[in-house]
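*Asks:* The structure is given below, and queries will be raised subsequently.
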DNA sequence: CAAACATATGGAACGTCATTCCATGACTTG
DNA sequence: CAAGTCATGGAATGACGTTCCATATGTTTG
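Protein chains in written order, with this note's numbering: chain A, -18 to 207; chain B, -18 to 207.
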């Protein structure tokens, strides 16, 4: 009991960028993007806001770092030793599962170009598209399409999660609400939306996600046959 | 000069939801999402924050309404009287151009499910996919893929615009910076990213966007041939 | 071993934001 | 013209990101 006569300084377990990012991820998972505040972070880490700023430039930096930590793990955990098509599917699904587990990934942060999270994904997909035998000049557009699609799903998931949280609904109740609202639309102006209202309630996000990836892969295969 | 002895009440040009939304769009266009504050809006409309809340529920409502106004105009301006494929391309391009003109559209607001902006787009694309002769049970997944892709591009554009604004760069200087950063990456870890650094600088967003749409359309055509 | 310096820490303070509250005034209805 | 509703806008509130600073610990130097 000789330590800490005053209050602060050289804590039992030192503050570090990694510990701050871990704590941020935990807060983001439980409270969404809105839940992550420097005050909540201070409390959880038993320190003051000032101390956090020693390790992290600002909130934007913190969010990007949290996204990057998740993307990095997802990419590391996903083995790619099959056909290029299967590998692309595996990488995309790894991202989908990461997004599903951490909906806040869909925040604009992950899309920040030139930043680590995006680049990790770009590289991983780019390598597989290269392995597919796509001509060099077509690779950019194809990788871009895959990337945009994946990030679009991420954004959608984030929006869903945010709205559901705001309204205090769980996922199934939320989907039910949307489905009901769609069913009540004007039949003349919104025939299609009404016709898919049921599928909105019952669909499986993950299955639909792979279907989209396969659609793009099919488009690539079609290009190559010419 | 008989009017307005005091200060307020029944302004020359009455406040209205539409006028508020128009002003919001103007502010968003010039200052991005961060620029839209109730203070800025009050100033522009020569009123106080309280008056705005009489017409608008909160900021989220305001952003959704602004997105919806743009999406509505874009959908209305886009004629669809050609083949379904051409129509899908036209709708997608109309959205691309709207996003390009108003990068803040990429904000999570537009993705809010069940809300008007999304539904308008869903309906428009869904009708064309139906006209394409896609079996009813496949329509949902295909429309979802197109939607996710388009919204992914929107999010990317928003992220680009935001980052460029934060750093005070214009678009070309910004792309140059990213391209340079990518060229400086470790050749062993990031071969693909390095190889496309040049294309990153010189590419045409709009051309790449249609290429992605065509890829998905190709995937659909491939499905149907079976 | 003692200064001197860089490294961390955390509480207090600042300015800005979305939002709420309320006193007030102007139209509308009877 | 009185009563009631619709609008208005300024002031107050509380939370947030961020900055500042007094302070304490390690580490290097003489």
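Ideal Cβ positions, reconstructed from N, Cα and C, are used throughout, including at glycine.
Using beta-carbon positions only, say whether residue 127 (chain B) and residue 69 (chain B) come within less than 8 Å of one another.
*Replies:* Yes, Cβ-Cβ distance for residue 127 (chain B) and residue 69 (chain B) is below 8 Å.
*Asks:* Please state whether the Cβ-Cβ distance between residue 94 (chain B) and residue 159 (chain A) is less than 8 Å.
*Replies:* Their beta carbons are under 8 Å apart, which means residue 94 (chain B) touches residue 159 (chain A) by this criterion.
*Asks:* Establish whether the CB of residue 70 (chain B) and some CB of chain A are separated by less than 8 Å.
*Replies:* Taking Cβ atoms only, chain A never reaches closer than 8 Å to residue 70 (chain B), which makes this a no.
*Asks:* Can you tell me which of the three DSSP states residue 59 (chain B) falls into?
*Replies:* Here residue 59 (chain B) sits in coil by DSSP.
*Asks:* If we count the other Cβ atoms within 10 Å of its Cβ and call it buried at 16 or more, is residue 39 (chain B) buried or exposed?
*Replies:* Label assigned to residue 39 (chain B): exposed.
*Asks:* Can you tell me the Cα-Cα spacing of residue -16 (chain B) and residue 63 (chain B), whole angstroms?
*Replies:* Because residue -16 (chain B) sits at a pLDDT of 34, beneath the cut-off of 50, its placement in the model cannot be relied upon, and the following sentence gives the value as read from the coordinates. Distance between the alpha carbons of residue -16 (chain B) and residue 63 (chain B) is about 56 Å.
*Asks:* Could you say which of A:191, A:81, A:111 and A:186 lies nearest to residue 171 (chain B) if we only look at CA atoms?
*Replies:* Among A:191, A:81, A:111 and A:186, the Cα nearest to that of residue 171 (chain B) belongs to A:111.
*Asks:* What do you reckon, are the CB atoms on residue 55 (chain A) and residue 91 (chain A) nearer than 8 Å?
*Replies:* Going by C-beta atoms, residue 55 (chain A) is not nearer than 8 Å to residue 91 (chain A).
*Asks:* Quick one: what's got a C-beta closer than 7 Å to residue 157 (chain A)'s C-beta in the same chain, skipping five residues either side?
*Replies:* Excluding residues within five positions, the ones whose Cβ falls inside 7 Å are 182.
*Asks:* Between the alpha carbons of residue 179 (chain B) and residue 165 (chain B), how many angstroms are there, rounded?
*Replies:* Looking at the two C-alpha atoms, the distance is approximately 12 Å.
*Asks:* So, does the CB of residue 205 (chain B) fall closer than 8 Å to a CB anywhere in chain A?
*Replies:* Chain A contact via Cβ: absent.
*Asks:* Determine the chain B residues that contact residue 143 (chain A) at a beta-carbon separation under 9 Å, and present them in chain order.
*Replies:* 89 and 93, listed in chain order.
*Asks:* Measure the CB-CB distance between residue 175 (chain B) and residue 163 (chain B) and report whether it falls below 8 Å.
*Replies:* Cβ atoms of residue 175 (chain B) and residue 163 (chain B): closer than 8 Å.
*Asks:* Going by alpha carbons, who is nearest to residue 198 (chain A) out of A:61, A:49, A:3 and A:113?
*Replies:* Out of A:61, A:49, A:3 and A:113, A:113 has the C-alpha closest to the C-alpha of residue 198 (chain A).
*Asks:* In whole angstroms, give me the CA-to-CA distance for residue -11 (chain B) and residue 27 (chain B).
*Replies:* Low local confidence applies: a pLDDT of 47 at residue -11 (chain B) is under 50, so the model's placement there is unreliable, with the coordinate-based value given in what follows. Rounded to the nearest angstrom, the two C-alpha atoms are 10 Å apart.
*Asks:* Since residue 17 (chain B) contacts residue 8 (chain B) with CB under 8 Å, what's their CB separation in whole angstroms?
*Replies:* Indeed, because the Cβ distance is near 5 Å, the residues count as touching under 8 Å.
*Asks:* Hey, does residue 103 (chain B) have any beta-carbon neighbour from chain A nearer than 8 Å?
*Replies:* Taking Cβ atoms only, chain A reaches closer than 8 Å to residue 103 (chain B), which makes this a yes.
*Asks:* Which of the three DSSP states is assigned to residue 182 (chain A) in this structure?
*Replies:* Three-state result, residue 182 (chain A): helix.
*Asks:* Which residues mark the beginning and the end of the alpha helix (DSSP H) in which residue -6 (chain B) is found?
*Replies:* Unbroken run through residue -6 (chain B): none, as it is neither H nor E.
*Asks:* Quick check: residue 200 (chain B) and residue 107 (chain A), are their CB atoms within less than 8 Å of each other?
*Replies:* The answer is no: Cβ separation not under 8 Å.
*Asks:* Can you grab the Cα-Cα spacing for the pair residue 203 (chain B) / residue 81 (chain A), in whole Å?
*Replies:* Answer to the nearest angstrom: the Cα atoms are 29 Å apart.
*Asks:* According to the neighbour-count rule (16 or more other Cβ atoms, all chains shown, within 10 Å of its Cβ), is residue 72 (chain B) buried or exposed?
*Replies:* Buried is the call here.
*Asks:* How would you call residue 67 (chain B), buried or exposed, if buried means at least 16 neighbouring beta carbons within 10 angstroms?
*Replies:* Counting Cβ neighbours within 10 Å, residue 67 (chain B) comes out exposed, since fewer than 16 surround it.
*Asks:* Less than 7 Å between the CB of residue 138 (chain B) and some heavy atom of the ligand GDP, yes or no?
*Replies:* Among the components modelled here there is no ligand, and therefore nothing to report on the ligand GDP.
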